[in-house]
Structure formats: structure tokens, C-alpha cells
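If you're matching positions, the first sequence starts at 1 in the UniProt record's numbering and goes up one per residue. See below for the structure under consideration.
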Amino acid sequence: MNLDQFNDRQKEAILATEGPLLILAGAGSGKTTVVVNKIAYILEQSLARPYQILAITFTNKAANELKDRVEGLIGDGAEGMWIGTFHSVCMKILRRNISLLGYASDFLIYDSADQKTLIKRCLKELGMDEKTFPPKSMLAEISNAKDNLMEPDVFLAAYNGDFRMTKVGELYKLYQKRLFEANALDFDDIIILTVKLFSLDAEVLEFYQNKFRYVFVDEYQDTNNAQYLLTSQLAGKYRNICVVGDDDQSIYKFRGANINNILDFEKEFDQAKVIKLEQNYRSTQNILNAANCVIANNAGRKGKELWTSNGAGDKILLFEADNEYEEADYIGKTIEKLVKVDGMRYCDCAILYRTNVQSRVLETTLSGFGIPYRVLAGLRFYDRKEIKDMLAYLRLVFNPNDNLSLMRVVNEPSRKIGVTTVEKVAAAAAGRDISMFAAMEIADTIPELAKVTEKLLTFTKLIREIQTDTDQTQPSKIIEAVYKRSGYMDMLLSEDSVENQTRIENIQEFILSAEEYEKSSEEPTLFEFLENTALIADVDNYDTEADSVVLMTLHSAKGLEFPAVFLCGLEEGLFPSQRSMYSEEEIEEERRLCYVGITRAKKRLTLSYAMRRSMYGGSVYSKASRFLDEIPQQYVDIVEADRSPKTEVGGRKKAKSQSDLFQEIFERKSAGVRTEPVSYDFKAGDMVVHKKFGTGMILSVTPAGGDVKLEIVFDEVGTKSLMGSFARLKKAQ
DNA sequence: CTGGTAGCTATTTTT
DNA sequence: TAGCTACCAG
1 MNLDQFNDRQ KEAILATEGP LLILAGAGSG KTTVVVNKIA YILEQSLARP
51 YQILAITFTN KAANELKDRV EGLIGDGAEG MWIGTFHSVC MKILRRNISL
101 LGYASDFLIY DSADQKTLIK RCLKELGMDE KTFPPKSMLA EISNAKDNLM
151 EPDVFLAAYN GDFRMTKVGE LYKLYQKRLF EANALDFDDI IILTVKLFSL
201 DAEVLEFYQN KFRYVFVDEY QDTNNAQYLL TSQLAGKYRN ICVVGDDDQS
251 IYKFRGANIN NILDFEKEFD QAKVIKLEQN YRSTQNILNA ANCVIANNAG
301 RKGKELWTSN GAGDKILLFE ADNEYEEADY IGKTIEKLVK VDGMRYCDCA
351 ILYRTNVQSR VLETTLSGFG IPYRVLAGLR FYDRKEIKDM LAYLRLVFNP
401 NDNLSLMRVV NEPSRKIGVT TVEKVAAAAA GRDISMFAAM EIADTIPELA
451 KVTEKLLTFT KLIREIQTDT DQTQPSKIIE AVYKRSGYMD MLLSEDSVEN
501 QTRIENIQEF ILSAEEYEKS SEEPTLFEFL ENTALIADVD NYDTEADSVV
551 LMTLHSAKGL EFPAVFLCGL EEGLFPSQRS MYSEEEIEEE RRLCYVGITR
601 AKKRLTLSYA MRRSMYGGSV YSKASRFLDE IPQQYVDIVE ADRSPKTEVG
651 GRKKAKSQSD LFQEIFERKS AGVRTEPVSY DFKAGDMVVH KKFGTGMILS
701 VTPAGGDVKL EIVFDEVGTK SLMGSFARLK KAQ
């Protein structure tokens, strides 16, 4: 291996193979390169065989990247290495050994939606009110307890005498019991049951401790307690544990990450070595200086100072907008300029914000400018209703005793089996100690179900038929059968709406993904397919490169980089968020988030905030974010707002900018004239997209009392007359 | 059982 | 504002 390509710190990190090692890798310091080469070095020096190496990441994306790059470096020599997410690694171990804990080895995984359904059922069963015990916070409490390895009985004992927590403990106990009965694990269980397995069975633990001579953990600042325990168990024998992370980028406290894992690494692992990677290969020095200055205000950190040999670069721009429309307008204009004048591409630009709601105004403005964009947000593929429904059917086909899945789809599409009936079935099943499906199959012998026997049997027969008629090694065929024979397809076809069209497309994509799975797996089974989909959150949507601007939250931006970054909404109350302002710890987390945002930028960084912003219907006035004050002025140019009524954009005259429109509406409002926010400018001949009606062309635009009346001929539904402010039209691309 | 509406709440997200 | 849920009437 040619070590000359690395800087001294990197070299040191690669060569320090033995003993506990913390690589404190600043943003853009080449940490993946170091890990990849370190693994290659270990193999090259014959310090270990591939199967003796374990590398754990958080996301599938990171795992795949690591795998690909190691393979790229050493080719087939990588065969047998364990590179995977915490969850996939634990799954591998649990599938082999979970019987020691009383679960059957073909357990299923309950995702967050399943958890929510289950917790709601448990709440109902215990007569607990969802208002006083919100499902979401109940799950958070349970997750927290699990992270601290507290089982229900321990939890109950610990909170003995505390009325509320005793209730929570009872709920936790029932929840866990139901999971066990369903032979299901939630995401937390996957980790903590592995830890439990290791602590109960020395033999199993030893097996893995002997196996893994070298253990790597990526994004160590994001680990929770259970994950910390797991890694220290695994590395317990050889103690060759190399963790990589950046305490300044710890932004997931809200989902259990414990920054102390990285801060106290040397305390936990005796004689640990710490190597800081501070040379940055991504950004300009101005950007790094700003980042360094902001993060320096945090107390709970190891302390790092990023530097680069890239040169100072452009100054950071700061735009102080009157309102969010003006802010969006400026961003749009600037992107336009970057593309038309500076030769950048749209995909070089990213707009980052604290909360997802902020994307809306940006979106309308960008499409007004004709700028192509993508929003990375929210609904992941496997979270879509139609996909969840298909998965529930599949799980039912795999295991009819899965009550949760049964309840999800028994009346989807409508089979006139409503809540009352389902409750009766549940009661009958519980009384007989059989599954709901089994109860339905013998409905004719259950008096309470006499009236609905027919309907129930139609459903069970459907599932049985699909079981017998399809090939279990071809999940795609099973999905197709479910889709067509359950009536789901007819349901979607019965009403011709845009939503249904998307649903149909999604299901088709789902079938495709199943086919892909069949091709990639040596021995495809329905079971394995279900397991894969449970652990893969997304059919990764970001890599496919269209030339468009990306919009996303700061959290999603972690790990990415862009030549031009727009960091917007830098206002007290929004960023840092209102809810973080009562604790210094939380403010520090927000500050880390800001640090993450700044360090995404390679060349250009534009910061902005709006003095006034509409939130929750009302108008909110805010001060500039404290993080802006923390950036020394010498790195920043303040941009004056151009508030002239007409703006030239790309040589084309734009009728009215968003902010002007906003201004007008605002003035009319204060004058007592009731108006709705007007959509942007449309003229006859424009092609537009309506949420429900699809694509169409504007025939005429008539002003009508502060609004406009639009006559539009839609491809699908013919001519409609709509008010501009209500139509929520988008320009067709 | 289903469809409609009144009322409430409101970061960040991976597995 | 908007999206979701709980509750009620048919």
C-alpha cells in the first residue's frame, strides 16, 4: 500500500491497528477513505482474514458504500467480511441463536408503524387514555427503557410508587408480551436482545469475540447505550475496536444517541488512542473558519479546528429577508445566477432548512423561476400506505397468525368487515387462545360470528388460496396475486384520481423490487424478502442524478456535500428551535446541526433569515439566529435586499416576484380586505398541474376580487373553472 | 359500516 | 395553515 497519498494523521490512523482507537474525524476529512484503507492494510499485512473483520454502520447506504470501496480496493479478498448496519449484523446473529431467548428463529420485525398500532391496542386493552398517555411518547419511554436494558419488571420495580410510571410500566409489559406472542421484534429489540443473548450465553459471546479480531464502528457519536454495550461485548477479547466519528456532528439525541459514548471513549476503553483528523478536503477556509467559530461555543466537545489548503475562497453571503417569500426569492435568483453566470449546475446546489414545512414556499418559488428541484423528505417508499398494505398481505400469507397484519388489511379493500366485527373476532380468538385468522376460519362454530361467517370465510379463503397457488420462492408473483385477487387493484382502478395512479405505480415498483430481489438472491424466499424490506428503509432516492436543486433538512444533509449550499431560516425560535431554548444541552445540539449545515458547502455558502414568517397560520417576528452572531463578520458579506418592484431574471422580465405578491396581500389584509394567498402568476397558454385533476392548459385568466379565476382544460377531466388561490397549481415541467 | 366534520396540534429520522 | 384523529349521524 502506498501510504504517501495520506496526510500524517491519516497514516497514523491506518497504521494503528492494535488496541482501542478513536478516530475523531472532522467533516470532510476523509474518514471513509481512512477506514477503507485501514481494512485493506490489515488484510494486506495478514493481520486477519476477511471473516475476522466486522464493520458496523448506521445506514444501509453507508454500509454499501464501505463494502463497495473495500471491494474496489482489494477485490475478491473482501469476501466474508461482515459489513452491515447495527441491525443487520444483529439480525444475522439472532437468526442463528435467538432460540436461546425463547423466540422462534423465524421471527418478524415490527417497524415503527407496526409499533404504533400495537401500542394503541395495548393502551385500549389496559383502558389507558391516549390523551394522558400519547402513543408516541409511550413508545419513546419504552424505547428509552430498552436502551437502558430495563426489562418491564425491572422498570416497574424502579418506579414503584410512581402512579404514572407504573402505568407506563404495565403498558411496556403488555407491549412486550404481545410482541413475544407474535414472535416479533421491534427495532430496539434487535439490538438489546443481541446484548442480552451475549450476556446470558458465554459460549455464543465467545464465539463472536473469537471470530472478530477487528471491529469498526462508523458514526460513533450516534450510538446509543445498547449499541455501545454491543460493540464493547463484540470487541471484548481482542480489544481491537476502532470507532470513527465526530462529536461535533452528534445530532440525533432525540432518537437515543448518547454523545458521551464518544466523549468518554478513552475512559471506557483503557489505553485507547485518539487521532484527530482536522485537515479538510471539502471546503474553503472561509467556510471552515465560520464553522470553527460557531462550534467553538459548545462546551461539551473534544475540540477540533478544521483547516484546509484549499485557500480562503469566496466570502459567505448573508441575506436578511423581510419574510420567507423574499428569502425564497433571493435563493431562487441566486441559484439562477450561479447556473447562468458561474457555470454551476442545478444539482450543485442544495437548500437546507431546520424543518420540513419550510420547503413549501421554497418549492413554489423555485417552480415559479422554472428551476428544477427535488425535495428529500418525509414519506419513505416502504411507509406508503399501499406498500404497507401489500406487505401486510404478504406477512399474512407467510404467517396467517399475524394478527396485526390481519387487522390492517382485513377490510382493505372494504369487505364490510368493520371495527365491531374485528373486535368480536379478536375476543373470540383470545378466549380460545388461537389467532384471529384461526378464529375466522372456524367462524361457523362461533355463535357471536354467525352473522358474518360468510364474509370472514371469503377473506381466509383468499389468503389460503394465495398460499397454495403461488410459489414461495417468487415474492413478486405473490404480490401480483395479492394485488389482483384481493380486490386491491379494482379498488384503485375504480376511481381515477392522481393519488390512485401514484399508488398503482408504487405497487408496480414494489413488484419490480421483488423481482430484483429474486435475481440477486441465491435462494429467494418470501421470508427473506420480508426481512429485507423490514431493514431497508428506502429504495435509495438520492443517488439517481437528475440535474436539479435538492431541498432537505439539515439532518438529512449529514454526510453529503454540495458546491453551493443555502442554509435558510436562521432565526431564533426556528433555528435554534423554540423547544431547544430552555436547555444549554439542546442548544448545543442545535449548534452542532448548524455546524453540520455549514460544513456541507464546498465553495459557496449562503445564509439567510426572515424577520417575519408565517407559522401555524399566524405571522411570527423573529430575531436573527444566535448562530449568525457567532460567525465573525470578516468572513461574511451582507447582501442588501433588492426591493424594487420589477426584477430582471435571466434576461426575462418577471411580472411580479413572490415577495411583491406577498407584500400586496399583506397590505390588502391590513386594509381590511379579506384575501387568500394568491398562487403565482399564470397566463393563458401555461401548462399546469393540479393535485386532483392532473395536467392541463390555462385557457383564460380573469381577475376576480383580489383573486383570479382560471379556466383550465385538463387532459383527464376536461374544462374546469378554478380560483387561483384555491387551485394550488404547479407549473408543468 | 361508512362518510363527514369538528377539534386539536404543530422539530429533527434510521433501522 | 394543514393534516390527522375522534366522534357522530345516517
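The C-beta atom is built at its ideal place from N, Cα and C for all residues, glycine as well. What you are looking at is a predicted structure, and each value in this text was computed from that prediction instead of being measured.
| Check | Outcome |
| --- | --- |
| DSSP state of methionine 1 mapped onto helix, strand, coil | coil |
| Beta-carbon separation (whole angstroms), isoleucine 331 vs phenylalanine 566, contact threshold 8 Å | 5 Å |
| Given lysine 302 as reference, the closest of Lys337, Asp329, Asn260, Phe133 once Cα atoms are compared | Asn260 |
| Residue nearest to arginine 374 in terms of C-alpha spacing, selected from Glu386, Lys388, Leu352, Ser486 | Leu352 |
| Proximity of glutamine 233 and valine 204 at Cβ, strictly below 8 Å | no |
| Nearest-angstrom Cα separation, counted from leucine 197 out to leucine 108 | 18 Å |
| Assigned secondary structure, serine 622 (DSSP; H/G/I helix, E/B strand, else coil) | coil |
| Sequence-distant residues of its chain with Cβ nearer than 6 Å to serine 580 (five each side left out) | Glu586, Ile587, Glu590 |
| First through last residue of the beta strand (DSSP E) which encompasses glutamate 320 | 316–323 |
| Opening and closing residue of the beta strand (DSSP E) in which valine 243 lies | 241–245 |
| Beta-carbon separation (whole angstroms), phenylalanine 58 vs threonine 85, contact threshold 8 Å | 6 Å |
| Where serine 625 falls, given that 16 or more other Cβ within 10 Å makes a residue buried | buried |
| Alpha carbon of lysine 31 to alpha carbon of serine 577, nearest angstrom | 30 Å |
| DSSP three-state assignment for aspartate 189, whether helix, strand or coil | helix |
| Distance between arginine 503 and glycine 245 (C-alpha atoms, nearest Å) | 40 Å |
| Coil, strand or helix - cysteine 349 by DSSP | strand |
| Segments assigned alpha helix (DSSP H), at least 4 residues, entirely inside the segment 14–56 | 31–44 |
| Environment of alanine 564 [buried if 16+ CB atoms lie within 10 Å] | buried |
| Collapsed DSSP secondary structure at phenylalanine 6 in the structure displayed | coil |
| Reduced DSSP secondary structure (H/G/I, E/B, other) of leucine 230 | helix |
| Runs of alpha helix (DSSP H) lying entirely within the segment 167–219, each at least 4 residues, in chain order | 187–200, 202–211 |
| Sufficient close CB pairs (3 or more, under 8 Å) joining the segment 624–639 to the segment 280–291 | yes |
| Straight-line Cα distance separating aspartate 496 from methionine 489 | 12 Å |
| Beta carbon of glutamine 472 nearer than 8 Å to that of threonine 525 | yes |
| Residues sharing a beta bridge with glutamate 571, DSSP | Ala624 |
| Host beta strand (DSSP E) of methionine 615 (start-end) | 601–615 |
| The segment 594–604 in contact with the segment 263–278 per 3-pair CB rule at 8 Å | no |
| Through-space distance from alanine 40 to isoleucine 74, alpha-carbon basis | 7 Å |
| CB contact flag (leucine 456, leucine 449, <8 Å) | yes |
| Within 8 Å, strictly: CB atoms of isoleucine 698 and aspartate 715 | no |
| Option nearest lysine 623 by Cα separation, candidates Cys242, Tyr281, Pro475, Phe575 | Phe575 |
| Member of Val482, Arg604, Ile53 whose CA lies at the smallest distance from the CA of lysine 337 | Arg604 |
| Enclosing alpha helix (DSSP H) for valine 70 [first to last residue] | 60–74 |
| Local Cβ density within 10 Å of asparagine 37, reported as buried at 16 or more and exposed below that | buried |
| Candidates Ser29, Asn7, Arg9, of which the one nearest glutamate 561 by Cα | Ser29 |
| Touch test, the segment 466–485 against the segment 378–395, Cβ-Cβ under 8 Å, three pairs minimum | yes |
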